[in-house]
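Residue numbering for the sequence shown follows the numbering used here, beginning at 262 and increasing consecutively. Yeah, the Cβ is synthetic: ideal placement off N, Cα and C, and Gly gets one too. Taking it in order: structure first as structure tokens, then the write-up.
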Amino acid sequence: MTASAVPLALDCARAYLQTQLDSLVGARVFWQLAPEQATLPLIVAHSADAGGAAVPHIGLVGWSGDIAVRVFAGTRPEAEALASQMLALIAPYARVQDHTLTWSLLRPVVIPPANQRFVAGWIFNVQVYTQ
């Protein structure tokens with residue numbers, strides 16, 4: 262896998278999250294940033310390792326990087342409940358196109374509330390392998 266494979270790996274991770282989590286928040290799953298007018302609750306996922314830093318994260322068999330998946334909600338209990346439900350929807354192993362993804366839970370996301378939004382979520386290590 263070459264450095265040009267990083268966008269493809271991230272595309273696979275995005276597609277998987279969209280498919281798995283849309284039903285949880287009514288198709289409000291976004292990559293990096295939610296639109297200002299988006300209603301709560303919503304989910305935002307993003308690379309948590311310097312934007313998918315290519316060189317140290319690409320090996321002979323695939324890409325590896327950390328991805329944060331955060332729930333934004335109007336109350337802390339709602340954010341925490343949705344984050345807990347999210348864990349059941351992200352399988353440790355998944356197939357997207359011709360790729361196998363592994364998702365390993367690393368730690369929770371801890372962010373204080375701001376702008377009337379409460380946040381709960383997780384950081385995963387994701388590995389994308391080509392078949």
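Proximity of residue i and residue j at Cβ, strictly below 7 Å
| i | j | result |
| --- | --- | --- |
| A334 | L294 | no |
| I384 | D310 | no |
| V357 | A276 | yes |
| A306 | V330 | yes |
Element boundaries [beta strand (DSSP E), containing residue i]
| i | result |
| --- | --- |
| R331 | 323–334 |
| A299 | Counting along the chain, A299 falls outside any beta strand (DSSP E), and DSSP gives it neither H nor E. |
Of the listed residues the options, nearest to residue i (C-alpha basis)
| i | options | result |
| --- | --- | --- |
| S365 | L348, L269, D283 | L348 |
| S284 | P338, W292, L343 | L343 |
| T363 | Q346, A381, V389, E341 | V389 |
| G382 | E341, E297, L282, S325 | E341 |
| P373 | E297, R337, A274 | R337 |
| H360 | R368, V387, L350 | V387 |
| V286 | D272, E339, S308, S325 | E339 |
Buried versus exposed, by CB contacts within 10 Å (16 or more), residue i
| i | result |
| --- | --- |
| I304 | buried |
| S345 | exposed |
| V371 | exposed |
| L278 | buried |
| A274 | buried |
| G323 | buried |
| L282 | buried |
Span of the alpha helix (DSSP H), counted from its first residue to its last, around residue i
| i | result |
| --- | --- |
| A295 | From DSSP, A295 is part of no alpha helix (DSSP H); its letter is neither H nor E. |
Contained beta strand (DSSP E) runs [length at least 3] in the stretch 356–383, N- to C-terminal order: 360–370
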